[in-house]
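Okay, so here's the structure we're looking at.
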Amino acid sequence: MVIKWHGRNYPIQKLRALCQINRRGVNLLGISEAAEKVGFRSLGVKLTIDQLKTAELPCVLHWRQNHFVILYKIRKNVFYIADPAKGLITYTEKDFAKNWFSHKEMHDGISLLLSPTPKFFDWEEEKGNELRWAYILRYFYKYRQLFIQLMMGLLFGTFLSLITPFLTQAVVDIGINTHNLNFVYLILIAQVMLFIGSTSVNFIRSWILLHISTRINVSILTDFLMKLMKLPISFFETKTPGDIMQRVQDQRNIESFLTGTTLSTMFSMVNLVIFTIILVYYNAVIFSVSFISAILYTAWILIFLKRRRQLNYKQFEYSSGNQTTIVELVNGMQEIKLNNCEQQKRWGWEHIQASLFNLKVKNLALNQSQQAGSMFINQAKNILITFLSVKAVIDGQMTLGGMMAIQYIVGQISSPIEQMVGFIQSYQDAKISLERLSEIHELEDEEPTDKQLINELPVDKSINMRNITFRYPGAGNDPVLENIDILIPQGKTTAIVGMSGSGKTTILKLLLRFFEPEKGEIRIGETKLNQFGYKTWRSQCGTVMQDGFIFADTIAGNIAVGDEFPDPDKLTHAIKVANISDFIEDLPFGLQTKVGAAGSGISQGQKQRLFIARAVYKNPHYLFFDEATNSLDANNETIIMDNLQEFFSGRTVVVVAHRLSTVSSADNIIVLDKGRIIEQGTHYELTCLQGEYYKLVKNQLELGV
1 MVIKWHGRNY
11 PIQKLRALCQ
21 INRRGVNLLG
31 ISEAAEKVGF
41 RSLGVKLTID
51 QLKTAELPCV
61 LHWRQNHFVI
71 LYKIRKNVFY
81 IADPAKGLIT
91 YTEKDFAKNW
101 FSHKEMHDGI
111 SLLLSPTPKF
121 FDWEEEKGNE
131 LRWAYILRYF
141 YKYRQLFIQL
151 MMGLLFGTFL
161 SLITPFLTQA
171 VVDIGINTHN
181 LNFVYLILIA
191 QVMLFIGSTS
201 VNFIRSWILL
211 HISTRINVSI
221 LTDFLMKLMK
231 LPISFFETKT
241 PGDIMQRVQD
251 QRNIESFLTG
261 TTLSTMFSMV
271 NLVIFTIILV
281 YYNAVIFSVS
291 FISAILYTAW
301 ILIFLKRRRQ
311 LNYKQFEYSS
321 GNQTTIVELV
331 NGMQEIKLNN
341 CEQQKRWGWE
351 HIQASLFNLK
361 VKNLALNQSQ
371 QAGSMFINQA
381 KNILITFLSV
391 KAVIDGQMTL
401 GGMMAIQYIV
411 GQISSPIEQM
421 VGFIQSYQDA
431 KISLERLSEI
441 HELEDEEPTD
451 KQLINELPVD
461 KSINMRNITF
471 RYPGAGNDPV
481 LENIDILIPQ
491 GKTTAIVGMS
501 GSGKTTILKL
511 LLRFFEPEKG
521 EIRIGETKLN
531 QFGYKTWRSQ
541 CGTVMQDGFI
551 FADTIAGNIA
561 VGDEFPDPDK
571 LTHAIKVANI
581 SDFIEDLPFG
591 LQTKVGAAGS
601 GISQGQKQRL
611 FIARAVYKNP
621 HYLFFDEATN
631 SLDANNETII
641 MDNLQEFFSG
651 RTVVVVAHRL
661 STVSSADNII
671 VLDKGRIIEQ
681 GTHYELTCLQ
691 GEYYKLVKNQ
701 LELGV
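Here the sequence shown is numbered in UniProt numbering, starting from 1 and rising by one per residue.
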């Protein structure tokens, strides 16, 4: 917002990356660092209101202790705020202080003062790759023949409705005035035929629309999911499930707007033009009244669009939180009940419902205000037109049938105007949805198509981590790993041990390319890891992570992930290595038993054995195990570790574990402490050293006690 104030543009996704955004949002330090990277001088300060009045504007304020706003003007003790959640708002000094001060007893607030440097005006503006309507309309191009049929149906329907007022006038002016009952019969038969024709056209149009909308909906959603699956894993570390699910709903809003509202509005606009011409032919004065009321009606509706936009964003925010909370309640029910926090979690959900209710109240109030004004304009117009029509009949300027025809025509004109207003509102909602989808489509793919990547691993498959420093996204976070060097020889087993939080799992995530290191490089042989394609690298990596996922699929489908038709021999081998055959044989349908969300529940130990079987089935060169046996009983662990030792032969293995039985046979053991390597060697060497490794395992080995 401040960048735009100074007349420049910068892609929002790049700014978010510079701010080091994570699931908790951003902090003032992150905003400050991002501002300086794009050419601002920044200064974080605590100011009184009098000091703030002399500060350079616009500046960033910490607001209500939960988000940030822009103060862009102060005039006559009125404070002008740009709030991302609410838009442009003004506050009196008293209300401003209440929102800005951290505590009631304090008389200063936190501010970030920003001033552009020459560097700010030197960089070349970048244009975002945001979605445009032209991109969305490409989905409709392949169905152009069906759209032509729809348009023909619309024109035919318009023609049928065009005949109706003339038939009505004919019944009154000819049939009734001349007492010609046969003519009335003829007109009524014509009206029945018109009704049948119009209904048939509408039915056919509905079927065509269903066909088009369903196919387009699937196409847009498929492309969205394809884009989502091309994004780096780090993206999903900064987004909640509810946030992503709401964006799925956004694409449905766009599809609904294009296939429903737009087409019906086009049909109405054709009616509007034709019936307006007819109304001018009947009575120019009545046309003028109708035209002026239409302008007033439209202007009244447009007044409310800005407020509707603000409520739409609030709706998205609360609905996203609601989705995330429901997923959390369902998935975490076991922990909720074990910790007796049912009431607390339910109250948390009810708090969101209260916010949603308040939002619905505001929506209803807004809609009623809008509706009251529009109904008043419409009723006033109808009364005035009725008066003018009756007066014209009394004065002999119009027949009774003509008056009835005009009433029908005015009704046909009013309906398109109301639809046009609805179209404007739907367009606003669809445009907001398009903006939110653009945020996803603007992100760079994990493997950009214009980047040349190596698709084959070198002969030397050893891993070399050189001078690696890494910290998780979020300004001010301490490094998790700091200047570490690790050599993982090809065909050897390397174990990493250490206290919780020492950075063991982070090393695996860097090797699996969840994230890129902040400093240093990872090489495979003599080639940098980031020069290999992600799919190429991961196809050679078998993983067992602490937070692995069981799909709602069969046992076979969960082991042979990615294979539609699992290889029986590989499946049998994987089951044998993971020692899971007894468990599978006890299941009612064996390998075809459904597990996960759609089937029977399984224990943590059984899950870990499934994960091990999944890694073995993949038959990769590299194996990365993160506490792969911590949920197994001693007997199963012994059998599985013996089986794995044979499987490890000739493969490069990295094992993160606390249990001695998992790491004692490793060719090299690395001991981490607070992101640094403090010891390294074989089990025998480290035990003789009697350092940190010795302390970690002495209770298991019963050494020196």
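Just so it is clear, CB atoms sit at the ideal spot from N, CA and C, and this is done for glycine as well.
Residue-chain proximity (residue i, chain D), Cβ-Cβ < 9 Å
{"i": "I244", "result": "Here chain D cannot be found, since the structure has a single protein chain."}
Own chain, CB closer than 8 Å to residue i, minus 5 neighbours either side, in chain order
{"i": "L571", "result": "A556, I559, A560, L591, Y617"}
{"i": "I454", "result": "T527, Q531, F532, G533, T536"}
{"i": "N253", "result": "D429, A430, S433"}
Between the CA atoms of residue j and residue i - distance to the nearest angstrom
{"i": "G520", "j": "I424", "result": "53 Å"}
{"i": "E482", "j": "G501", "result": "13 Å"}
{"i": "R144", "j": "F275", "result": "28 Å"}
{"i": "N9", "j": "F120", "result": "11 Å"}
{"i": "F589", "j": "N619", "result": "26 Å"}
{"i": "W537", "j": "G153", "result": "55 Å"}
{"i": "D223", "j": "Y534", "result": "20 Å"}
{"i": "F203", "j": "S213", "result": "15 Å"}
{"i": "D395", "j": "I301", "result": "37 Å"}
{"i": "H441", "j": "L228", "result": "8 Å"}
{"i": "N283", "j": "L146", "result": "39 Å"}
{"i": "F96", "j": "S438", "result": "34 Å"}
{"i": "V595", "j": "G605", "result": "14 Å"}
{"i": "T265", "j": "K37", "result": "47 Å"}
{"i": "K345", "j": "I336", "result": "8 Å"}
{"i": "S603", "j": "V327", "result": "21 Å"}
{"i": "N129", "j": "S234", "result": "Reliability fails at N129, whose pLDDT of 49 lies under 50, so the model's placement of it is uncertain and the value that follows must be treated cautiously. Each residue's Cα considered, the two are about 20 Å apart."}
{"i": "D567", "j": "A628", "result": "24 Å"}
{"i": "E518", "j": "Q13", "result": "19 Å"}
{"i": "G373", "j": "L305", "result": "14 Å"}
{"i": "residue 726", "j": "F470", "result": "No information on residue 726 is available, as it lies outside the stretch 1 to 705 that the chain covers here."}
{"i": "L47", "j": "I110", "result": "7 Å"}
{"i": "L155", "j": "M269", "result": "11 Å"}
{"i": "E255", "j": "P84", "result": "27 Å"}
{"i": "L311", "j": "G548", "result": "38 Å"}
{"i": "L209", "j": "L71", "result": "48 Å"}
{"i": "R308", "j": "A82", "result": "17 Å"}
Cβ shell of residue i (< 7 Å), same chain only, five flanking positions each side left out
{"i": "Q696", "result": "The amino acid occupying residue 696 in the given sequence is Leu; Gln does not appear at that position. Cβ within range, chain order: V497."}
{"i": "R16", "result": "none"}
{"i": "E446", "result": "K230, L231, P232, Y534"}
{"i": "E646", "result": "none"}
Residue range of the beta strand (DSSP E) that includes residue i
{"i": "Q690", "result": "Where Q690 is concerned, there is no enclosing beta strand (DSSP E), given that its DSSP letter is neither H nor E."}
{"i": "Q680", "result": "676-681"}
{"i": "V655", "result": "652-656"}
{"i": "K73", "result": "67-75"}
{"i": "residue 719", "result": "There is no way to answer for residue 719, as the model of the chain reaches only from 1 to 705."}
{"i": "F470", "result": "463-470"}
{"i": "E526", "result": "No beta strand (DSSP E) holds E526; DSSP gives it neither H nor E."}
{"i": "L112", "result": "109-116"}
{"i": "S42", "result": "40-47"}
{"i": "H62", "result": "59-63"}
{"i": "T494", "result": "493-498"}
Residue span of the alpha helix (DSSP H) that contains residue i, given as start and end
{"i": "N339", "result": "Per DSSP, N339 belongs to no alpha helix (DSSP H) and is neither H nor E."}
{"i": "V480", "result": "Where V480 is concerned, there is no enclosing alpha helix (DSSP H), given that its DSSP letter is neither H nor E."}
{"i": "A97", "result": "93-100"}
{"i": "A35", "result": "28-37"}
{"i": "T449", "result": "T449 -> no alpha helix (DSSP H), and no H or E assigned at all."}
{"i": "G605", "result": "604-618"}
Integer Cβ distance of residue i from residue j, believed to fall under 8 Å
{"i": "T543", "j": "I670", "result": "The pair is not a contact, with the Cβ atoms about 19 Å apart (cut-off 8 Å)."}
{"i": "D626", "j": "L508", "result": "5 Å"}
{"i": "G650", "j": "G491", "result": "5 Å"}
Sequence-distant residues of its chain with Cβ nearer than 6 Å to residue i (five each side left out)
{"i": "L43", "result": "L113"}
{"i": "N322", "result": "I352"}
{"i": "W5", "result": "P58"}
{"i": "G474", "result": "Q20, N22"}
*If you pair each beta-carbon of the stretch 110-117 with each one of the stretch 28-42, do three or more pairs fall below 8 Å?*
yes
*Three CB pairs or more closer than 8 Å across the stretch 291-300 and the stretch 363-383*: By the Cβ criterion, the stretch 291-300 is in contact with the stretch 363-383, since at least three pairs of Cβ atoms, one from each stretch, lie closer than 8 Å.
*Check whether the stretch 243-262 touches the stretch 180-191, taking contact to mean three or more Cβ pairs, one atom from each stretch, closer than 8 Å.*
At 8 Å Cβ cutoff, the stretches do not touch.
*Are three or more beta carbon pairs between the stretch 529-547 and the stretch 573-582 nearer than 8 Å?*
no
*Taking three-plus beta-carbon pairs below 8 Å as touching, is the stretch 219-237 in contact with the stretch 425-434?*
no
_Cβ contact check for the stretch 499-519 and the stretch 667-685: 3 or more pairs under 8 Å_ = These segments touch.
*asked:* For the stretch 71-89 against the stretch 49-58, do three or more pairs of beta-carbon atoms, one drawn from each stretch, fall closer than 8 Å, so that the two count as touching?
replied: yes
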